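J.:
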């Protein structure tokens, strides 16, 4: 998603019975036709050695012989026939995140972590969930909804809040007008049934599954519906099932406030490099000073206060974004380089396609019931803001507000509880902002599982991202079924220490990294952020 990793949506109004209720016991998934594999289109380097296809699935699993839609899938085939272990299906989160690239992505990241045996032994499968990306149709409601410069997330008057409500309502109405027939069939349970259709089309009796962020909730849903069809399940950055979906956003607001302050403190630690202040408070003051300035005149005519918040949000997700974010922060404050901010926003934040945003709202609107009274939304946000949770609270509200006007009421929420499933491997960073740590312990309680905690980890969904302790446990589970020893209670069964925060290059090296135009050439992480469509 463009703002939030996994949390929040709202329920809609009217059309009783349009959302299909799903029981925890799943009937047989209709078998799709044989898969016609072909070279993947486009220039995504992760798909260079993959093959792609579309499979047909029922729009409505309650009427399996009715209208069909398609789900885009990709595959990187195993290379070691003697040790073949079946398929590994991945999902990067969202909801609304494209996962087609994960066939090559997971293969590359496992090899980069020193575990070539995983892509050798597994066919690795990526897919775009129904409504996403290359799947057909792809949901889109208003491609210009997020165009800059948007009204300030933080309402300074009744009129400001009314403007955002009007904008949110118009977006929901556009979704209903263009894709009202599709919206009731975008529940997580529908996506889980599509995964089972992929399994069936591939001729597999079971799957191994690797889910990040919202992908953990999708995996838990699959395990609830089809427990006997799971061979392995890895869930990294677990959604707290108790908060699906409204309450989860409130906890996320608190966690992002904490983590953006971690970033400000890191910048202060290296004041000799960034020159933004020697304390967390001074760096924070510098940030809110440029935010206020952007509210009066957008930076480069493009980055107002909302766009600035979105630009810095990466640093709340991952310490890997500390250095590139601090680079552009410093370039603007100390050199007046507006292009540093605008280039970063254009290249790493802004999307001219609303598919991810539309799907984010649509899935969570269909999954669960949300408060109908806007005063609850307002009062909850105002209370958090008054308590000092300034950074993400109102932005989170407006990122989810379209669902308050959705054309039908969502839910009922599926009860996650999977008896008879093989034990899953859960991974949770203790300082994850997008999916706070208690979500891992709650998932541990709901599923047969082992929980690995990354102690002090500030990066969201952090496996296959440089921590060998985590990566070795994931690979051992897939290669040999090895799991940590089960310990009593819902606490971690094993722990890994987080890697140290990054150390920025010296001032001289930073100067050489700047382009001839004087802007910053940020060293961005190679691996995408999970959970952000």
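Residue numbers (our numbering): 1094 to 1626.
Glycine residues also receive a C-beta, built at the ideal position from the N, C-alpha and C atoms.
Computed from a prediction, not measured in an experiment: that's the story for all the values here.
1. Going straight from the alpha carbon of residue 1265 to that of residue 1398, what length do you get?
2. Pull up the CB-CB distance for residue 1349 and residue 1484, whole angstroms please, since I reckon it's below 8 Å.
3. How about residue 1065 and residue 1325: are their beta carbons less than 8 Å apart?
4. Count the C-beta pairs between the stretch 1301-1312 and the stretch 1183-1191 that are closer than 8 Å, then say yes if the count reaches three, no if not.
5. Find out if the Cβ-Cβ distance for the pair residue 1218, residue 1168 is shorter than 8 Å.
6. Give the DSSP-derived three-state secondary structure of residue 1410 in the structure shown.
7. Hey, how far is the Cα of residue 1538 from the Cα of residue 1583?
8. Can you give me the Cβ contacts of residue 1402 inside the same chain, cut-off strictly under 6 Å, excluding the 5 residues immediately before and after it?
9. Hey, would you say residue 1191 sits closer than 8 Å to residue 1221, going by beta carbons?
10. Could you have a look at residue 1309 and say whether DSSP puts it in helix, strand or coil?
11. Go through its chain and collect everything with a Cβ distance to residue 1329's Cβ below 6 Å, but skip five positions before and after it.
12. Could you tell me which residues DSSP puts in a beta bridge with residue 1258?
13. Counting C-beta neighbours from all protein chains within 10 Å, is the total for residue 1381 16 or more, i.e. buried, or is it exposed?
14. When you compare only the Cα positions, how much space is there between residue 1390 and residue 1431?
15. Just to confirm before moving on: does the CB-CB distance between residue 1435 and residue 1388 stay below 8 Å?
16. Quick one: measure Cβ to Cβ for residue 1131 and residue 1144, integer angstroms, because I've assumed they're closer than 8 Å.
17. According to DSSP, is residue 1136 part of a helix, a strand, or is it coil?
18. Let me know if residue 1278 comes out buried or exposed under the rule of 16 or more other beta-carbons within 10 Å of its beta-carbon.
19. Evaluate residue 1296 with the Cβ neighbour count: other Cβ atoms within 10 Å of its Cβ, from every protein chain shown; 16 or more gives buried, anything less gives exposed.
20. Can you give the beta carbon distance from residue 1280 to residue 1456, rounded, assuming they're within the 8 Å contact cut?
21. Throw me the rounded Cβ distance for the residue 1510 and residue 1461 pair, which I believe falls under 8 Å.
22. Assuming the contact rule is C-beta atoms closer than 8 Å, residue 1289 and residue 1322 should be a hit. Round their C-beta distance to whole Å, please.
23. Using the Cβ count rule (16 or more neighbours within 10 Å means buried), how would you classify residue 1166?
24. Quick one: what's got a C-beta closer than 7 Å to residue 1447's C-beta in the same chain, skipping five residues either side?
25. Considering just the uninterrupted stretch of the beta strand (DSSP E) at residue 1180, what are its terminal residues?
26. Under the three-state reduction of DSSP, which class applies to residue 1474: helix, strand or coil?
27. Straight-line CA distance for residue 1156 to residue 1498?
28. In chain order, what residues of the same chain have a beta carbon less than 8 Å from the beta carbon of residue 1161, not counting five sequence neighbours either side?
29. Decide if residue 1568 is buried, meaning its Cβ has at least 16 other Cβ atoms within 10 Å, or exposed.
30. Have a look at residue 1470 and residue 1314 and give me their C-alpha separation to the nearest angstrom.
31. So which of 1566, 1400 and 1441 has the shortest CA-CA distance to residue 1244?
32. Tell me where the alpha helix (DSSP H) around residue 1356 begins and ends.
33. So, residue 1419 versus residue 1433, is the Cβ gap smaller than 8 Å?
34. Is residue 1551 helix, strand or coil by DSSP?
35. What do you get for residue 1274, buried or exposed, if any count of 16 or more other CB atoms within 10 angstroms of its CB means buried?
36. Per DSSP, what kind of secondary structure is residue 1463 in: helix, strand or coil?
T.: Taking the geometry as given:
1. The residue given as residue 1265 occupies position 172 in the chain shown. The residue given as residue 1398 occupies position 305 in the chain shown. About 24 Å.
2. One-based indexing of the chain shown puts residue 1349 at position 256. One-based indexing of the chain shown puts residue 1484 at position 391. Indeed they touch by this definition, with Cβ atoms about 6 Å apart.
3. Since the first residue of the chain shown is 1094 and the last is 1626, residue 1065 is not available in this structure.
4. yes
5. As a first step, residue 1218 must be located in the chain shown, where it is residue number 125. As a first step, residue 1168 must be located in the chain shown, where it is residue number 75. Their beta carbons are under 8 Å apart, which means residue 1218 touches residue 1168 by this criterion.
6. In the chain shown, the residue the question calls residue 1410 occupies position 317. In this structure, residue 1410 counts as helix in the three-state DSSP scheme.
7. To locate residue 1538, count along the chain shown from 1; it is residue 445. To locate residue 1583, count along the chain shown from 1; it is residue 490. Distance between the alpha carbons of residue 1538 and residue 1583 is about 6 Å.
8. As a working mapping, residue 1402 is identified with position 309 in the chain shown. Same-chain partners within the cutoff: 1488.
9. Sequence index remark: in the chain shown, residue 1191 carries index 98 (1-based). Sequence index remark: in the chain shown, residue 1221 carries index 128 (1-based). A contact, by the Cβ cut-off of 8 Å.
10. Stepping through the chain shown from its first residue, residue 1309 is reached at position 216. In the structure shown, residue 1309 sits in a helix (DSSP, three-state: H, G or I).
11. Locating residue 1329 in the chain shown gives position 236, where the first residue counts as 1. 1305, 1520, 1554 and 1556, listed in sequence order.
12. Taking the first residue of the chain shown as 1, we reach residue 1258 at position 165. Residue 1258 pairs with nothing; no bridge assigned.
13. Numbered from its first residue, the chain shown carries residue 1381 at position 288. When all chains shown are included, residue 1381 counts as exposed.
14. One-based indexing of the chain shown puts residue 1390 at position 297. One-based indexing of the chain shown puts residue 1431 at position 338. Rounded to whole angstroms, residue 1390 to residue 1431 spans 12 Å at the Cα level.
15. Counting from one through the chain shown, the residue named residue 1435 turns up at place 342. Counting from one through the chain shown, the residue named residue 1388 turns up at place 295. In this structure, residue 1388 does not lie closer than 8 Å to residue 1435 by Cβ.
16. Here the question's residue 1131 lines up with position 38 in the chain shown. Here the question's residue 1144 lines up with position 51 in the chain shown. Between residue 1144 and residue 1131 the Cβ distance is about 6 Å, and since that is below 8 Å, they are a contact.
17. If you number the chain shown from 1, residue 1136 lands on position 43. The answer is coil: DSSP assigns residue 1136 none of H, G, I, E or B.
18. Here residue 1278 refers to the residue found at position 185 of the chain shown. Burial call: buried.
19. What you label residue 1296 is simply residue 203 of the chain shown in a count that begins at 1. Residue 1296 comes out exposed.
20. Translated into positions along the chain shown, residue 1280 becomes position 187. Translated into positions along the chain shown, residue 1456 becomes position 363. The Cβ separation is near 7 Å, so the contact holds.
21. Sequence index remark: in the chain shown, residue 1510 carries index 417 (1-based). Sequence index remark: in the chain shown, residue 1461 carries index 368 (1-based). The Cβ separation is near 16 Å, so there is no contact.
22. Against the chain shown, residue 1289 aligns to sequence position 196. Against the chain shown, residue 1322 aligns to sequence position 229. Confirmed, Cβ separation roughly 7 Å.
23. What you label residue 1166 is simply residue 73 of the chain shown in a count that begins at 1. With 16 or more Cβ atoms within 10 Å of its Cβ, residue 1166 is classed as buried.
24. Within the chain shown, the letter at position 354 stands for residue 1447. Cβ neighbours of residue 1447 beyond the five flanking positions: 1233, 1234, 1235, 1236, 1238 and 1239.
25. Here the question's residue 1180 lines up with position 87 in the chain shown. It spans 1180-1184 - the beta strand (DSSP E) in which residue 1180 sits, taken as one unbroken run.
26. Sequence index remark: in the chain shown, residue 1474 carries index 381 (1-based). Looking at residue 1474 - three-state DSSP - the assignment turns out to be helix.
27. Mapped onto the chain shown, residue 1156 falls at position 63. Mapped onto the chain shown, residue 1498 falls at position 405. If I take the Cα positions, the gap works out to 27 Å.
28. To locate residue 1161, count along the chain shown from 1; it is residue 68. Excluding residues within five positions, the ones whose Cβ falls inside 8 Å are 1149, 1150, 1151 and 1152.
29. Reading the chain shown from its first residue, position 475 is the one you call residue 1568. Buried, by the Cβ-count rule.
30. Mapped onto the chain shown, residue 1470 falls at position 377. Mapped onto the chain shown, residue 1314 falls at position 221. Going by the C-alpha atoms only, they are around 27 Å apart.
31. Indexing the chain shown from 1 puts residue 1244 at position 151. Answer by Cα proximity: 1400.
32. For the purposes of this step, residue 1356 is taken as the residue at position 263 of the chain shown. Counting along the chain, the alpha helix (DSSP H) containing residue 1356 begins and ends at 1339-1362.
33. The sequence position of residue 1419 within the chain shown is 326, counting from 1. The sequence position of residue 1433 within the chain shown is 340, counting from 1. In this structure, residue 1433 does not lie closer than 8 Å to residue 1419 by Cβ.
34. Position 458 of the chain shown, counting from 1, holds the residue named residue 1551. Coil, per DSSP.
35. In the chain shown, the residue the question calls residue 1274 occupies position 181. Classification of residue 1274: exposed, given that the 10 Å Cβ count is below 16.
36. As a first step, residue 1463 must be located in the chain shown, where it is residue number 370. It is coil, neither helix nor strand.
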